[in-house]
Amino acid sequence: MQMQEAAKQIRAELGDKFSREAMATIVPQLIEHITAIPVGQQRWQQQIELNAHQQEWLKDAVKRLTAHEPLQYVTGVGWFYHRSFKVSPAVLIPRPETEELVEWILTTLPKAPPALRLLDIGTGSGCIAITLALESNGHAYTAIDISESAVTIAKQNAAQHGAIIDFAALDFLDSSQWPTLPQFNYIISNPPYIGLSEADSLSANVLEFEPHSALFVTNNDP
């Protein structure tokens, strides 16, 4: 099967489940994932043959997308601040809105010495701390998460991008663990904020796949 035939088949199978705008993103990203051909170059390489393994992966990907699994979990990649981050159901998918938080922090941090120490609470994929470490100069970053699986993924993302960050699996709401941390000039967080009573209002691709510990807070004590 050639690339153009595979793309046509994906559109046929998913076209009634996703908008045209969504399909314009889904199809090329699936093709890029299995062929390593960047989205911008695919139109000139439509005749490339996909092997049996690639075709089987696409078949499984379509099945997973049909079951509402987010594209980022299917490909294992989420984009944040023009960089790719490894993601899995252990971490929240990076949101474009969170880039606004990063932008605000970057404009707030002093441009001159002395170096500051910053703590990222609930780091997830590490996208906030890693981006800040790469975009700002000379500051020291520590990133923590209650989930050891999330910390593992964040470490992998930091290594991929060459960001120097101290990571730890730690429950920040447990004050007995605070003495294990140094002092900080700034604390950064994009915490869970959705009340459990609002869970039914979320779309299936969020509610059924993304980690609830990164989404929900209790109704009585958010």
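So for the sequence shown, our numbering puts the first residue at 6; every next one is plus one.
For glycine and all other residues, C-beta sits at the position ideal for the given N, C-alpha and C.
Report the option in the options whose CA atom is closest to the CA atom of residue i.
i: L70; options: F23, H144, Q7; result: F23
i: T157; options: G20, V96, R88, E37; result: V96
i: E74; options: S89, Q59, S93; result: S93
i: T128; options: T40, G143, A163, Q50; result: A163
i: S218; options: E203, S206, I199; result: I199
i: W62; options: W49, G81, Q51, I39; result: I39
i: E54; options: T223, M6, R88; result: M6
i: Q60; options: A72, R25, Q14, Q188; result: Q14
Report the CB separation of residue i from residue j in whole angstroms; it is logged as a contact under 8 angstroms.
i: L139; j: I110; result: Not quite, the Cβ-Cβ distance comes to about 13 angstroms (not below 8 angstroms), so this is no contact.
i: V275; j: A12; result: As shown, the chain starts at 6 and ends at 227. That puts residue 275 outside it, with no answer to give.
i: A66; j: L106; result: A66 to L106, Cβ: 31 angstroms. No contact.
i: N190; j: R122; result: 6 angstroms
i: A134; j: Y146; result: 5 angstroms
i: Y78; j: E104; result: No, Y78 and E104 are not in contact; Cβ-Cβ is about 20 angstroms, not under 8 angstroms.
i: A120; j: H144; result: 5 angstroms
i: S202; j: N225; result: Not quite, the Cβ-Cβ distance comes to about 10 angstroms (not below 8 angstroms), so this is no contact.
i: H2; j: R88; result: Since the first residue of the chain shown is 6 and the last is 227, residue 2 is not available in this structure.
Looking at the strands, I want to know which residues DSSP matches up with residue i.
i: F90; result: G83
i: G20; result: DSSP output for G20 lists no bridge partner at all.
i: T147; result: L124, D171
i: G200; result: V222
How should residue i be labelled, buried or exposed, when 16 other C-beta atoms within 10 angstroms of its C-beta is the threshold for buried?
i: G83; result: buried
i: L76; result: buried
i: P99; result: buried
i: A155; result: buried
i: L175; result: buried
i: G131; result: buried
i: N195; result: buried
i: D150; result: buried
i: E153; result: exposed
i: E215; result: buried
Between the beta-carbon of residue i and the beta-carbon of residue j, is there less than 8 angstroms?
i: L114; j: I193; result: no
i: F177; j: A148; result: no
i: P197; j: L212; result: no
i: M8; j: G20; result: no
i: K91; j: G81; result: yes
i: Q52; j: I42; result: no
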